[in-house]
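First comes the structure, then the notes that go with it.
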């Protein structure tokens, strides 16, 4: 289900303004699109408008406003069965929870986005992973490496729960997501359990590193995970051994 042409033009105008940094004008375009969609009984347009407003307010750090807009968007997407819209709204939820330092809730939101993506389209899976990696990088930069454990665990659960409902032909995408979980979770364990033995730390570091190498090889360095893992081990986890 797609927005009407008139609403779509307003959304595109808002997006262009947002990219230029004209955030107030972008918000005005999105509000206008939401109003027009409501008046013309265009639920797809209304959902997209509120989703864009939520993403805009998240970027501006207006967390409560963004949550409110995103809730409206989710209700609309649920009512019309817009799976792609729901995936987007779950990802916005995840970033909002990160801003609140609610890392377990953020992991749960990313897991919902991934679980639904796997049932719909490989492109949605990649877009979700494309947003999860920067989120993980943000957690590392913010000295919240232990939060990578619930994120990795949530990925694993999402893959397990959606196994029977997976769209045919998405095996390579789900395997990529599973491997990413194997990169993140060991780092989270190392950060969250400082009393680990040296041998256990080395085992976890090797597991994360090897999985990162695999993803970099499969994706042609799409996310630069091996470098990220090495930096995390050295600067955040005081692990300086060379790994084979």
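Residue numbers (the working numbering): 6 to 249. Using N, Cα and C, we set each Cβ at its ideal position, and we do this for glycine too.
What first and last residue would you give for the alpha helix (DSSP H) that runs through residue 241? Locating residue 241 in the chain shown gives position 236, where the first residue counts as 1. Careful: residue 241 lies outside any alpha helix (DSSP H) and carries neither H nor E.
Please confirm whether residue 44 and residue 100 have their CB atoms less than 8 Å apart. Counting from 1 along the chain shown, the entry for residue 44 is found at position 39. Counting from 1 along the chain shown, the entry for residue 100 is found at position 95. No, the pair does not count as a contact, with Cβ atoms beyond the cut-off.
Could you give the first and the last residue of the continuous alpha helix (DSSP H) run that contains residue 161? Working through the chain shown from its first residue, we reach residue 161 at position 156. Going by DSSP, residue 161 is part of the alpha helix (DSSP H) stretching over 153-166.
Start and end residues, alpha helix (DSSP H) containing residue 74: On the chain shown, residue 74 is found 69 positions in, with the first residue counted as 1. 68-85 is the span of the alpha helix (DSSP H), which, as asked, contains residue 74.
Classify residue 14 as helix, strand or coil using the three-state DSSP reduction. Stepping through the chain shown from its first residue, residue 14 is reached at position 9. Of the three classes helix, strand and coil, the one that applies to residue 14 here is helix, per DSSP.
Measuring CA to CA, which of 118, 148, 127 and 25 is closest to residue 161? Position 156 of the chain shown, counting from 1, holds the residue named residue 161. The residue with the shortest Cα to Cα distance from residue 161 is 118.
Report the three-state DSSP secondary structure of residue 225 (helix, strand or coil). Working through the chain shown from its first residue, we reach residue 225 at position 220. Annotated three-state conformation of residue 225 is coil, per DSSP.
Cα-Cα separation between residue 90 and residue 74, rounded to whole angstroms: Counting from 1 along the chain shown, the entry for residue 90 is found at position 85. Counting from 1 along the chain shown, the entry for residue 74 is found at position 69. Our two residues, residue 90 and residue 74, have alpha carbons roughly 13 Å apart in a direct line.
Which class does residue 101 belong to by DSSP, given the choice of helix, strand or coil? Locating residue 101 in the chain shown gives position 96, counting from the first residue. The answer is helix: DSSP assigns residue 101 an H, G or I state.
Is there contact here, the segment 177-196 with the segment 236-243, by at least three beta-carbon pairs under 8 Å? With three or more CB-CB distances shorter than 8 Å, the segment 177-196 counts as touching the segment 236-243.
Please state the DSSP three-state secondary structure of residue 29. Stepping through the chain shown from its first residue, residue 29 is reached at position 24. The three-state secondary structure of residue 29, taken from DSSP, is helix.
With distances taken between CB atoms, is the gap from residue 59 to residue 97 smaller than 8 Å? Taking the chain shown and counting its residues from 1, the one referred to as residue 59 is at position 54. Taking the chain shown and counting its residues from 1, the one referred to as residue 97 is at position 92. Cβ distance < 8 Å, so residue 59 and residue 97 count as in contact.
Let's see if you can read the secondary structure: which residues bound the alpha helix (DSSP H) around residue 58? Looking up residue 58 in the chain shown gives position 53. Where residue 58 is concerned, the enclosing alpha helix (DSSP H) stretches over 48-64.
Contact defined as beta carbons within less than 8 Å: I believe residue 16 pairs with residue 53. What is the distance between those atoms, to the nearest angstrom? In the chain shown, the residue the question calls residue 16 occupies position 11. In the chain shown, the residue the question calls residue 53 occupies position 48. Going by Cβ atoms, the distance from residue 16 to residue 53 rounds to 6 Å, so yes, they are a contact pair.
Separation of residue 88 from residue 40, as counted between CA atoms: Position 35 of the chain shown, counting from 1, holds the residue named residue 40. Position 83 of the chain shown, counting from 1, holds the residue named residue 88. Straight across, the Cα-Cα distance linking residue 40 with residue 88 is about 23 Å.
Relative to the C-alpha of residue 129, which candidate in 156, 182 and 104 has its C-alpha closest? Against the chain shown, residue 129 aligns to sequence position 124. The shortest Cα separation from residue 129 among 156, 182 and 104 belongs to 182.
What is the DSSP secondary structure of residue 91, counted as helix, strand or coil? Stepping through the chain shown from its first residue, residue 91 is reached at position 86. The DSSP-derived three-state label of residue 91 is helix.
Test item: CB-CB of residue 248 and residue 210 under 8 Å: Translated into the one-based positions of the chain shown, residue 248 becomes position 243. Translated into the one-based positions of the chain shown, residue 210 becomes position 205. Between residue 248 and residue 210, the C-beta gap is smaller than 8 Å, which places the two residues in contact.
What does the Cβ neighbour count give for residue 199, buried or exposed, with the cut at 16 atoms within 10 Å? The residue given as residue 199 occupies position 194 in the chain shown. With fewer than 16 other Cβ atoms from the protein chains shown falling within 10 Å of its own Cβ, residue 199 counts as exposed.
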